[in-house]
Amino acid sequence: MSDLAHLADRARWNVQFDDKWDVLGPFPIHAREQHFLSPAFPLNLSQPIDFRQSWPSSYVDGGFVKWTQAISNPNGDLEISFPEIRWKALRSTEGWAALQHHAVLRTTITLYPPTDLVFGDSPQLLISLKQGSYFALRPQGQDVSSFVPEWYAGNIYDLEHALAHVVYLPAVPSLNKPTKYDLFVSGDYEIRLFGDPLVQQHHSDVPVQKLNLTVRLQEIGSSPIHDQSQDVACDFLAGYAFGDAFGIGIQSGTRWWTAIDIKLNHPVLVILTPIFFSLLTLTIEQGMTLQLRTKVKIAPSQTRVLPISIEQSLPYFGENVAVNVTLVCGDSVHTISVIIPIIHRQLSTPERQSIKGTFFFANSTPSAFIAIPPRTSEHTEKAPPILTLHGAGVDVLVQEFWAQSLPDNKASWMIVPTGRTSWGLDWHGPSAEDAWSSSEAVGILSRKRIHGFPKSWEIPQNSKVIIIGHSNGGQGTWYLASRYPDRVLAAIPAAAYIKSQGYIPLTHARFPNSKAFRNAHFTDPTLRSILESSLTADDNDLHVSNLADTPLLVIHGGEDENVPVWHSREYVSTLRTWNASANVTFLEHRGEGHWYPYILDNSDVQNFIDNTAPSSDNTSKSEYLTLTVSIPRESGSLHGWSIDKLMVPGRYSEVLRTPGRMQSILSSPGPLIFVISEETNQQDLSVALRLAHVLNLYHKLDGEIISEETALTRNKLATWPTGNVIFLGTPSSPFAQEVLHSKKGGIRIINQAPHIGERRFDKPGQALLFLHPHPTMGLTNPSFMMFLLYNDKAGLERAARLFPFRTGVAVPDWLVVGDKMDMFGAGGLEAAGVWDSDWKLSEYMSWFYR
């Protein structure tokens, strides 16, 4: 047994988990398919488990797999592999797609009560799962026939600054004896995460999943606390903040707390005036103003980042800024003192220097970026800013190698956005917005006189950029340049893949790619096409037409072991098909792999940048102009032409007011707002907290949780703040009935049952996910809504798994889940479709099981 709580004092609760794991697998699966299947596939956790039973799997000789065991080390590290599988033979015909697989893992968590119990509350578990998809707890020794697991998303990318899940126990623990729970983990091997085993495992054919689990106890307290790991701060340059935002992470306790005010708490500043050699005494309030931009409500156990605006009239050179945060809960008032460390910078040309800046993402969330000032001010002509997109897993705020590997910026600003996190959304959606917002923030800062920048460093408003990116950032370079061609002077994508389903084919899926008909085991072709329409907006090759006149330098290592070089070759081939004389140069560095020191820092790249001036002529040279758009709200113009609306949403190259896919909910103009029936509804609150958790973990997006009563008041008074809304509730909800009664969308509630057209969906296990116009649509609010309308807890849990926080989750405007989805994946859906341009049912783009 591994004691990870380190609570030797037996007067307190104690937790342990068994280092012996039961393992069932491998089963073929494609990346992201675990969001459709039950994470416990092929098990049904409402039934007892027979560890002698075997299960069908096409990967195994004989076609059936049995339970095996694995051991985790004292740090919670666990490696899962299946050396008995003939991986080489599978790979010889199926390629990388055959290596992707799923396994279900199980161990035991034991909770020990205090020997001298002085309080009756159960503790909360803090569980962190790295590089696993999902985990869930199930009580041991009890009837599980009515048990519905609550699945918590793991930190599958091993993202930085990750918060542990606060896990509510599925059964109250005993106060006088140990209580045992089964812990189930969905272990899913993905090439993008774990890499090719021939490279990662020293030429071994066997893929290895590497996971880490930690389990701790959290003492239940009612008061909120400061979580420093979530803080956001900018550097100070010449005594002035390089940005306008601070962020302070606050975790609530067991109650609902609201941050209402923030005040500076700093000693007086003593400044020596050189003229009179006297002491000038000022308080920091006379030179700096901090203000909470809005009141922030924090649900029990939730962590949110308080948005704090910075204004200065005098330079500040202190080592830190101290503040007091005031929070209220009913009549209770709580104050938290916070120290924000400050890093001071001075301009030091001609050396390259990285400066951390801040801005408010979506006008509300404190966010950071790295900016590298020009090395010289001798140029008379303003040089174009260079927007650089990092690869997957690179934390640019900590890891300096990315900034140091870039070409010489000379007279240009180099902008290094985070993309929200080191993985983000593959530079799509909010990650793309983060890149453009960081660029705009640097432009604003370059025009400020307080930092001492020379006039030649100013970036004009609406300045076009040169984009550089590597790997996932190379793919992002193709994405941004092709979706916003009029904002891009030139682009340098390096080691870029085309799209997720091209990187690793979806051939071994229960929901397969349309090219893999032989594996379409359970999915109707019409349903498959509708689901795949939600991935169309990510297809870079489909949008390459928009780059027919954009200068491009495409780079790839000839022996790339991560992204095969054919991806860049295919990009160039497709582009030249659109325009045979396209201004594209392809550099294939023979013998080089995925990353090498000179991939971006070489004379070819430098000459390409130096010869791209802000006045470069990008007017159309093609005989024909083709503008390709999938989602107009996520696309810009080409030579001044733009598409505002699709007549048949979801179809290629038509004209959309509706988003076209569920993932668009992430592109919110403000914090996402979760509406639950009431603050005491533990079922709805649990799901809302879990979804808010993944928003913070994967994208550093903020989520507010409010009650249905508050939402109804906002409807009545038209006081909704800017931000997309996510509703969780049953068809009997007054809020759902009020909003859907407006008939602005394609869902109706008749006799307490949801209807799509004339079809009724009120069976146990069913739930509807759908996008809907915002209650204030038509006024000035650009937000819209997502509904998770469920008939029971099982339906809600299925719907929550399809919340599309990762790329490649094929969820269109609306769908209906049912109990068959757990075993058949997308083939178990009840209905799916894309709304028409008026948010109504489209017969062309709809599918129903019956």
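Quick note, the sequence shown lines up with residues 97 to 946 if you use this note's numbering. Think of the CB as a built atom: it goes at the ideal place given N, C-alpha and C, for glycine as much as any other residue.
What does residue i pair with, by DSSP beta-bridge criteria?
i	result
T275	L207
L201	V119, V281
D645	In the DSSP output, where bridge partners are listed per residue, D645 has none listed.
D357	T422
E800	I769
V680	L648
A605	According to DSSP, A605 bridges with nothing at all.
T818	T818 pairs with nothing; no bridge assigned.
Y336	L333
Let me know the secondary structure DSSP gives residue i once reduced to three states.
i	result
H685	strand
I772	strand
H868	strand
L133	coil
I626	helix
I252	coil
R946	coil
L885	strand
T377	The pLDDT assigned to T377 is 39, lower than 50, so where the model puts this residue is not dependable; a value taken from the coordinates is nonetheless given after this. T377 falls in the strand class under three-state DSSP.
D637	helix
W935	coil
V268	coil
G565	strand
Y230	strand
A612	Reliability of the predicted coordinates at A612 is poor, the pLDDT of 36 falling under 50, and the value obtained from them is presented with this limitation in mind. It is coil, neither helix nor strand.
G653	strand
For residue i, tell me which candidate among the options has the shortest Cα-Cα distance.
i	options	result
D357	S397, E129, L423, T189	L423
G92	E474, L576, I468, W943	Because residue 92 is not part of the residues shown, which for the chain are 97 to 946, the question remains open.
S428	R351, W910, E474, A458	R351
E688	S669, A194, S318, V659	V659
P647	W816, A577, S838, W498	A577
S985	T206, V244, A199, Q236	Summary: the structure shown does not reach residue 985, with the chain confined to residues 97 through 946, and so no result is reported for it.
G426	P827, S319, T385	S319
I167	P269, F132, I287, N308	N308
S59	L787, L734, R729	The requested residue 59 does not occur in the structure, where the chain is confined to residues 97 to 946.
N110	N679, Q500, Q314	Q314
I125	N887, S444, H604, L734	H604
I665	S596, A590, V328	At residue 665 the sequence reads Arg, which differs from the Ile that was named. Checked all of S596, A590, V328; the closest Cα to R665 is A590.
G283	A337, E129, Q297, E256	E129
F455	P513, Q833, N642	P513
T820	H851, S803, F883, N777	Per the sequence shown, residue 820 should be read as Asn rather than Thr. The shortest C-alpha separation from N820 is found at F883.
W935	D918, S518, I852, P860	I852
R441	G414, T431, I772	G414
S223	A260, V907, V392	Correcting the residue identity first, residue 223 is Ile in this sequence and not Ser. Comparing Cα positions, the closest option is A260.
V401	Q324, F332, Q449	Q324
M384	Y886, S218, H322, N361	N361
Ends of the alpha helix (DSSP H) at residue i?
i	result
T941	Before going on, a small fix: residue 941 reads as Met here, not Thr. No alpha helix (DSSP H) holds M941; DSSP gives it neither H nor E.
G853	First-last for G853: undefined, no H or E at that position.
R665	662-674
N568	568-579
R786	778-795
R312	Careful: R312 lies outside any alpha helix (DSSP H), inside the beta strand (DSSP E) at 304-314.
M917	917-920
I846	Unbroken run through I846 is the beta strand (DSSP E), 843-846; no alpha helix (DSSP H).
Locate the beta strand (DSSP E) running through residue i, then write down its first and last residues.
i	result
A587	584-590
V434	428-437
N811	Element bounds for N811: not the beta strand (DSSP E) but the alpha helix (DSSP H), 804-813.
T422	416-425
P908	No beta strand (DSSP E) holds P908; DSSP gives it neither H nor E.
P830	That residue, P830, is in no beta strand (DSSP E); its alpha helix (DSSP H) goes 830-837.
L39	Nothing about residue 39 can be read from this structure; the chain reaches only from 97 to 946.
G343	341-347
F456	451-457
L386	384-388
P403	399-408
V392	392-394
Would the beta-carbon of residue i be found less than 7 Å away from any heavy atom of the ligand COA?
i	result
L768	Here there are no bound small molecules, and the ligand COA is not part of this structure.
Could you tell me whether the Cβ of residue i comes closer than 8 Å to any Cβ of chain B?
i	result
Q143	In summary, chain B is missing from the structure at hand, where a single protein chain is found.
Whole beta strand (DSSP E) elements within the stretch 163-194, 3-residue minimum
164-167, 173-177
Whole alpha helix (DSSP H) runs in the stretch 475-561 with 4 or more residues, listed along the chain?
497-500, 525-542
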